[in-house]
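Chemist: Protein chains in written order, with our numbering: chain A, 3 to 159; chain B, 8 to 87. Quick reminder that beta carbons are idealized off the backbone N, C-alpha and C, glycines included. All values derive from a computational prediction rather than experimental measurement.
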Amino acid sequence: MPEGKLIHMETSKEKLKKVLHLGAISAEKIASSIANHQHKTNIGAHDIFLGQVRADIVNGKMVKAIDYSAYEEMAEQEFYRIREKAFSTYDLTCMHIYHSLGRVNTGEICLFVFVSSSHRKEAMDACRYVVEEIKATVPVFGKEILEDETYVWKENT
Amino acid sequence: MNISVKYFGLMAELFGKRDETIQLDNGVPLGTLKSILISRKKELKQFDFKLAVNLEVITDEKFLLSDRDEIALLPAYAGG
Chain A
3 MPEGKLIHME
13 TSKEKLKKVL
23 HLGAISAEKI
33 ASSIANHQHK
43 TNIGAHDIFL
53 GQVRADIVNG
63 KMVKAIDYSA
73 YEEMAEQEFY
83 RIREKAFSTY
93 DLTCMHIYHS
103 LGRVNTGEIC
113 LFVFVSSSHR
123 KEAMDACRYV
133 VEEIKATVPV
143 FGKEILEDET
153 YVWKENT
Chain B
8 MNISVKYFGL
18 MAELFGKRDE
28 TIQLDNGVPL
38 GTLKSILISR
48 KKELKQFDFK
58 LAVNLEVITD
68 EKFLLSDRDE
78 IALLPAYAGG
């Protein structure tokens with residue numbers, strides 16, 4: 003079996019890792035993910051997307067956090083589906099996706115998509131595909147907590 | 008037949024619950040359940056929502072439900 007195929011099968015087992023994790027995604031986690039790939043010397047490019055909670059103004063008040071919840075069983079299934087579709091469409095070596103649950107303050111990271119490939123085009127195209135699919139198809143819900151502790155339900159655009 | 012209905016986000020607030028079991032006649036289509044939900048909470052019509060059956064979004068209201076199906080009432084997504 004060609005080596006490329008073997009790598010795909012190894013990384014497909016990552017479907018068993020959950021994507022949803024309680025709390026914000028730390029800068030240390032992002033850095034250690036990069037470090038963990040340094041021994042994979044067939045990789046030539048990583049594309050990384052970080053979603054950060056933004057201090058929007060809603061009803062004249064500033065957002066200070068988003069509280070994420072999800073239909074977890076279905077969300078994990080959709081994350082897996084998106085990952086598998088990306089692997090079958092693009093020639094990738096690795097992919098990791100993490101999404102926060104619970105409260106994430108403005109300025110903190112709520113989504114981390116990390117895509118690796120031998121060449122940059124695949125990594126960049128796949129990363130964009132994955133991010134757009136996540137926003138469109140994964141049942142994650144967000145309460146925008148405003149500065150006075152009232153909230154508004156968020157909708158992706 | 009008994010189906011379980013799960014409510015998420017804004018929908019859980021609207022209906023005042025996270026889940027319940029609803030008894031329906033055998034072979035009822037998804038559209039009938041949708042009408043039942045709207046008759047219980049008329050405000051539902053104002054919101055964008057999706058219905059999932061056994062973890063898959065179903066848009067066809069003629070889709071026939073089965074005993075022990077899990078239906079989810081999903082408001083607008085906010086992931087990422």
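1. Are any of the Cβ atoms in chain B nearer than 7 angstroms to that of A/ILE59?
2. Which of the three DSSP states is assigned to A/ASP150 in this structure?
3. Is the CB of A/PHE143 under 7 angstroms away from at least one CB in chain B?
4. Of all the residues that make up the region 118-141 of chain A, which are near chain D by a beta-carbon distance shorter than 7 angstroms?
5. Return yes when the Cβ of A/LEU94 is within less than 7 angstroms of the Cβ of A/ALA128, no when it is not.
6. Would you check if the distance between the CB atom of A/PHE143 and the CB atom of B/PHE15 is smaller than 7 angstroms?
7. Shorter than 7 angstroms from the beta carbon of A/MET97 to some beta carbon of chain B?
8. On the DSSP letters alone, give me the boundaries of the alpha helix (DSSP H) that B/GLY38 sits inside.
9. Going by Cα to Cα distance, which pick from B/THR39, B/ASP67, B/PHE56 and B/LEU51 is closest to B/GLN30?
10. First and last residue of the beta strand (DSSP E) that includes A/ARG105?
11. Taking the beta carbon of A/LEU52 as the centre, do at least 16 other beta carbons fall within 10 Å, making it buried, or is it exposed?
12. Whose C-alpha, out of A/GLY109, A/VAL140 and A/TYR92, is nearest the C-alpha of A/MET126?
13. Please decide whether B/PHE15 counts as near chain A, where near means a Cβ-Cβ distance under 7 angstroms.
14. Does the separation of the CB atoms of A/SER118 and A/ILE32 fall below 7 angstroms?
Modeler: Quick answer:
1. Position 57 of the first sequence, counted from the start, is the residue given in the question as residue 59 of chain A. Judged by the 7 angstroms Cβ criterion, A/ILE59 is not in contact with chain B.
2. Position 148 of the first sequence, counted from the start, is the residue given in the question as residue 150 of chain A. Reduced to three states, the DSSP call for A/ASP150 is coil.
3. Along the first sequence, one-based indexing puts residue 143 of chain A at 141. Closer than 7 angstroms to some Cβ of chain B, the Cβ of A/PHE143 qualifies, so yes.
4. Absence of chain D from the displayed structure is noted, the protein chains being A and B.
5. In the first sequence, residue 128 of chain A corresponds to position 126, counting from 1. In the first sequence, residue 94 of chain A corresponds to position 92, counting from 1. Yes. Within cutoff.
6. As a working mapping, residue 143 of chain A is identified with position 141 in the first sequence. As a working mapping, residue 15 of chain B is identified with position 8 in the second sequence. For A/PHE143 and B/PHE15, yes; Cβs fall inside 7 angstroms.
7. As a first step, residue 97 of chain A is located in the first sequence; it is residue number 95 there, counting from the start. No, A/MET97 does not count as interfacial toward chain B.
8. Position 31 of the second sequence, counting from 1, holds the residue named residue 38 of chain B. Element bounds for B/GLY38: 37-47.
9. Along the second sequence, one-based indexing puts residue 30 of chain B at 23. Checking every option, the nearest Cα to that of B/GLN30 belongs to B/THR39.
10. For this step, residue 105 of chain A is matched to residue 103 along the first sequence. Residues 96-107.
11. As a first step, residue 52 of chain A is located in the first sequence; it is residue number 50 there, counting from the start. Classification for A/LEU52: exposed.
12. As a working note, residue 126 of chain A is residue 124 in the first sequence. Nearest C-alpha to A/MET126: A/TYR92.
13. Within the second sequence, residue 15 of chain B is the residue found at index 8, counting from 1. True, the Cβ-Cβ gap to chain A drops below 7 angstroms.
14. For the purposes of this step, residue 118 of chain A is taken as residue 116 along the first sequence, with counting starting at 1. For the purposes of this step, residue 32 of chain A is taken as residue 30 along the first sequence, with counting starting at 1. No, Cβ-Cβ distance for A/SER118 and A/ILE32 is not below 7 angstroms.
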